[in-house]
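Once you know that position 103 of the sequence shown is 137 in my numbering, the rest is easy, because the numbers rise by one and skip nothing.
We put the CB at the ideal spot given by N, CA and C, even for glycine.
Quick caveat, the model's predicted, so the values are computed rather than measured.
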Amino acid sequence: MGEQKEKTQGLNAAEQAKLEKDGLDVVQDIARFAEQGVTALTPGDIERLKWVGLYLQRPKEDGNFMLRIKLPGGLLTAAQARVIAELSRDYGKNSLDITTRHSLQFHWIRLERLPDIFERLTQAGLTTLQAAGDCPRGIVVNPLAGIDAEECLDAAPWGEALYQFFQNNRDFSNLPRKFKIAITGAPHNSIQAELNDISFVPAEKRETGKILYGFHVLVGGGLSSQPQLATELDLFVLPEQVVAVAAAVAAIFRDHGYREKRNHARLKFLLNDWGVEKFTQELLSRTGSLLSGGKRIAETWNGGKFFGIHPQKQAGFYYLGLAIPCGRLTADKLQELAGLAERYGDGTLRTTNSQDILIPGIAETVLPSLKQEPLVKDQHKLQGTMTVQAITCTGKEFCPFAIIETKAFAAGLLAQLDEAFPEKLPLRIHVSGCVHACAQPQIADIGLQGTMVMSDGVAKEAAEVWLGGTLDQQGELGRKIAGKVPVDQAAATLTHLLSLYRDERLPEEPFGQFVKRTGLLDKAVNEWSK
């Protein structure tokens, strides 16, 4: 007993919970939790439930949970989509959210319902294991992997290999914090590579007179209160080396990462302290020799958005990209999408890390009929709008960390802006409920992040504003404006900013470049500080 106390002394509560019991062992407790109810849970139990995708949601005293279903690479069959829709309808009030890592999650889940939920998910070949917690999360893969006309490598097999290696792997079930992995073989950076702990992006290298295709490795990305873009290492990784390299990086994080403070425990902090040279040396000591870097294959960043009907690399076949505004859809809509996938596509759906859905495998011969489907016709109204480009987090409706409500606020804001600018400005607006930055506001043209502001002695919901973020070329984080905008003034404020952009931009000038060229950031600071 004394030895256990000595081990846990000075550690934060999450680390203590993991010492008491491995997060993966919470699976064995589900039946007991379902029988005893939420009042029987210890703080350690609540922490470890994250390893099966469960978060206690706001208000905590109600005892409801958010449940996240992990979808590696965003892939699911129409049959699986129907199971998820049925569970949402039975237990989640007919509502679902798509996350920025391909996952689906729903709310209002009661512990007593878990045995039935998990049984139905298992029967459908679905899992929530390691959808959250201090472990490798869901693997983000190019949403078009295998069908992308631009890809030089199909990343799907290697995404699956990464998933199979880390899933239920107790060597990596207790990391200092979450560990995010992404891989793509296409040039448009649909995986937001610079935001992950480790990403694999396509590269080529001439070796012994031949052109090799493989990957460059980026490490140490992450946002939150100390945002940082990942660093590209001077390494060229062959496809068959991907799992070994990812395992080595995860092991370095496990063995040397910081565990004292939760807000200083991501891989980026270790990388910053060690430096790239020491980190690379440690990595090579675990993997053995790797080739030095080649040439990264990259084109203009598309934000992970694939809207509309486009040809696949398979001749005569197409995919349909469907915008899901603010990433929220009903169970009924998901079931309708499953029906479309079966009638027109190959019977599968793909969620994207930009919170949308794809239907692949559509034969050219059925395109005319598909275009007449009401759901598809409704999508035409969204073409080119800011609503299509937006990303939002869960917000304070459910998340205990969030300061502002996001989904309804963002939907209303975007509707006003799209109406005010019928010329359809090419802008990405991300709305995040708090400093955790789950909606990635620092890489948006305009990022809103929840906070509070005092107005006439009353605390009001507000947003900090980031301008000019992008992952184009080397990527650049947006710059945060010093002032705060009350949410009830956000539409008017952004209308003013976007009017300047509309009227004064150069032809085809991106918003970030316009901000720099015109000094818009400084103008906004001066205006809002009043």
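Review point. Under three-state DSSP, which class holds residue 319?
Key: Along the sequence shown, read from residue 1 onward, the residue named residue 319 stands at position 285. If DSSP states are grouped into helix, strand and coil, residue 319 belongs with the helices.
Review point. Residue 241 lies in the beta strand (DSSP E); which residues open and close that run?
Key: Position 207 of the sequence shown, counting from 1, holds the residue named residue 241. From DSSP, the beta strand (DSSP E) with residue 241 extends over 232 to 241.
Check your understanding: Beta-carbon separation of residue 233 and residue 264 under 8 Å?
Key -> Taking the sequence shown and counting its residues from 1, one reaches residue 233 at position 199. Taking the sequence shown and counting its residues from 1, one reaches residue 264 at position 230. Yes, these two residues count as a Cβ contact at 8 Å.
Point to revise | Range of the contiguous beta strand (DSSP E) that encloses residue 391 | key: As a position in the sequence shown, residue 391 is number 357, starting the count at 1. Where residue 391 is concerned, the enclosing beta strand (DSSP E) stretches over 391 to 397.
Review point. Could you check where the beta strand (DSSP E) with residue 142 kicks off and where it finishes?
Key: Taking the sequence shown and counting its residues from 1, one reaches residue 142 at position 108. First-last of the beta strand (DSSP E) with residue 142: 138 to 143.
Practice item. Determine the direct distance from the alpha carbon of residue 436 to that of residue 549, and round the result to whole angstroms. Key: On the sequence shown, residue 549 is found 515 positions in, with the first residue counted as 1. On the sequence shown, residue 436 is found 402 positions in, with the first residue counted as 1. Approximately 28 Å between the Cα atoms of the pair.
Point to revise | residue 140 versus 134, 130, 149, residue with shortest Cα-Cα distance | key: For the purposes of this step, residue 140 is identified with residue 106 of the sequence shown, where counting begins at 1. Taking only the C-alpha atoms, the option nearest residue 140 is 130.
Review point. Considering only residues of the same chain and omitting the five flanking positions on each side of residue 288, which have a CB-CB separation below 6 Å?
Key: Numbered from its first residue, the sequence shown carries residue 288 at position 254. Counting only Cβ-Cβ distances below 6 Å, and skipping sequence neighbours, we find 209.
Point to revise | Secondary structure, beta strand (DSSP E): runs of 3+ residues fully inside the region 505 to 536 | key: 513 to 520
**Study point:** Exposure label - residue 36; buried when at least 16 CB within 10 Å
**Key:** For this step, residue 36 is matched to residue 2 along the sequence shown. Low per-residue confidence applies at residue 36: pLDDT is 40, beneath 50, and the placement is therefore not dependable enough to give any value.
Exercise for review: For residue 420, count neighbouring Cβ atoms within 10 angstroms of its own Cβ and tell me buried if that reaches 16, exposed if not.
Suggested key: For the purposes of this step, residue 420 is taken as residue 386 along the sequence shown, with counting starting at 1. Under this definition residue 420 is a buried residue.
Exercise for review: Report the three-state DSSP secondary structure of residue 385 (helix, strand or coil).
Suggested key: Here residue 385 is taken as the residue at index 351 of the sequence shown, counted from 1. The answer is strand: DSSP assigns residue 385 an E or B state.
Check your understanding: Quick one, are the C-beta atoms of residue 58 and residue 293 less than 8 Å apart?
Key -> The residue labelled residue 58 in the question sits at position 24 within the sequence shown. The residue labelled residue 293 in the question sits at position 259 within the sequence shown. Result no, Cβ atoms of residue 58 and residue 293 do not sit closer than 8 Å.
Review point. The alpha helix (DSSP H) spanning residue 68 covers which residue range?
Key: Residue 68 sits at position 34 when you count from the first residue of the sequence shown. Unbroken alpha helix (DSSP H) run through residue 68: 64 to 70.
Practice item. Classify residue 287 as helix, strand or coil using the three-state DSSP reduction. Key: As a position in the sequence shown, residue 287 is number 253, starting the count at 1. Three-state DSSP puts residue 287 in a helix.
Review point. For the 8 Å Cβ check, are there 3 or more pairs between the region 47 to 58 and the region 68 to 78?
Key: yes
Review point. In this structure, what does DSSP give as the bridge partners for residue 88?
Key: By 1-based counting over the sequence shown, the position of residue 88 is 54. 101, per the DSSP bridge assignment.
Check your understanding: So residue 398 packs on residue 352, CB below 8 Å; how close in whole Å?
Key -> Counting from 1 along the sequence shown, the entry for residue 398 is found at position 364. Counting from 1 along the sequence shown, the entry for residue 352 is found at position 318. Contact holds; Cβ gap of about 7 Å.
Review point. Taking C-alpha atoms, which residue in 84, 185, 269 lies nearest to residue 317?
Key: Residue numbering aside, residue 317 sits at position 283 when the sequence shown is read from its first letter. Answer by Cα proximity: 269.
Exercise for review: Select from 231, 132, 193, 67 the residue whose C-alpha is nearest the C-alpha of residue 392.
Suggested key: Sequence index remark: in the sequence shown, residue 392 carries index 358 (1-based). Of 231, 132, 193, 67, the residue nearest in Cα terms is 132.
Review point. Would you say residue 511 and residue 463 are within 8 Å of each other, going by their C-beta atoms?
Key: Within the sequence shown, residue 511 is the residue found at index 477, counting from 1. Within the sequence shown, residue 463 is the residue found at index 429, counting from 1. Cβ distance not < 8 Å, so residue 511 and residue 463 don't count as in contact.
Review point. Are the beta-carbon atoms belonging to residue 285 and residue 199 less than 8 Å from one another?
Key: Here the question's residue 285 lines up with position 251 in the sequence shown. Here the question's residue 199 lines up with position 165 in the sequence shown. No, these two residues do not count as a Cβ contact at 8 Å.
Exercise for review: Output the distance between the C-alpha atoms of residue 188 and residue 231, rounded to the nearest integer angstrom.
Suggested key: Position 154 of the sequence shown holds residue 188. Position 197 of the sequence shown holds residue 231. So the two alpha carbons sit approximately 21 Å from each other.
Point to revise | Those runs of the alpha helix (DSSP H) which lie wholly inside the region 118 to 202 and span at least 4 residues | key: 148 to 157, 190 to 200
Check your understanding: In angstroms, rounded to a whole number, what distance separates the CA positions of residue 161 and residue 70?
Key -> In the sequence shown, residue 161 corresponds to position 127, counting from 1. In the sequence shown, residue 70 corresponds to position 36, counting from 1. Taking the straight line from one Cα to the other gives about 23 Å.
**Study point:** For residue 567, the residue or residues it bridges with in DSSP
**Key:** Limits of the chain in this structure are 35 at one end and 564 at the other, which puts residue 567 out of reach.
Check your understanding: Between the beta-carbon of residue 577 and the beta-carbon of residue 394, is there less than 8 Å?
Key -> Residue numbering for the chain in the displayed model covers 35 to 564; residue 577 lies beyond these limits and cannot be assessed.
**Study point:** CB contact check: residue 493 to chain D, cutoff 8 Å
**Key:** In the structure shown, chain D cannot be found, because there is only a single protein chain.
Point to revise | Range covered by the alpha helix (DSSP H) that runs through residue 552 | key: Start at 1 with the first residue of the sequence shown, and residue 552 comes out as number 518. Its alpha helix (DSSP H) spans residues 545 to 552.
Point to revise | Coil, strand or helix - residue 369 by DSSP | key: Locating residue 369 in the sequence shown gives position 335, where the first residue counts as 1. Correct three-state label for residue 369: helix.
Check your understanding: So what's residue 54 in DSSP terms, helix, strand or just coil?
Key -> The sequence position of residue 54 within the sequence shown is 20, counting from 1. DSSP places residue 54 in helix when its eight states are reduced to three.
**Study point:** Residues that DSSP places opposite residue 266 in a beta bridge
**Key:** The count along the sequence shown starts at 1 and reaches residue 266 at position 232. In the DSSP output, where bridge partners are listed per residue, residue 266 has 252.
**Study point:** Own chain residues within Cβ distance below 6 Å of residue 300, not counting five before or after
**Key:** Position 266 of the sequence shown holds residue 300. Cβ within range, chain order: 211, 256.
Check your understanding: Do residue 176 and residue 332 come within 8 Å of each other at the CB atom, strictly closer than that value?
Key -> Residue mapping note: residue 332 aligns to position 298 of the sequence shown, counting from 1. Residue mapping note: residue 176 aligns to position 142 of the sequence shown, counting from 1. Against a cut-off of 8 Å, the Cβ pair of residue 176 and residue 332 comes out as no contact.
Practice item. Check residue 279 in the structure and name its three-state DSSP category. Key: As a position in the sequence shown, residue 279 is number 245, starting the count at 1. If DSSP states are grouped into helix, strand and coil, residue 279 belongs with the helices.
Point to revise | Inter-stretch contact (C-beta, 8 Å, three-pair minimum) for the region 138 to 157 and the region 304 to 319 | key: no
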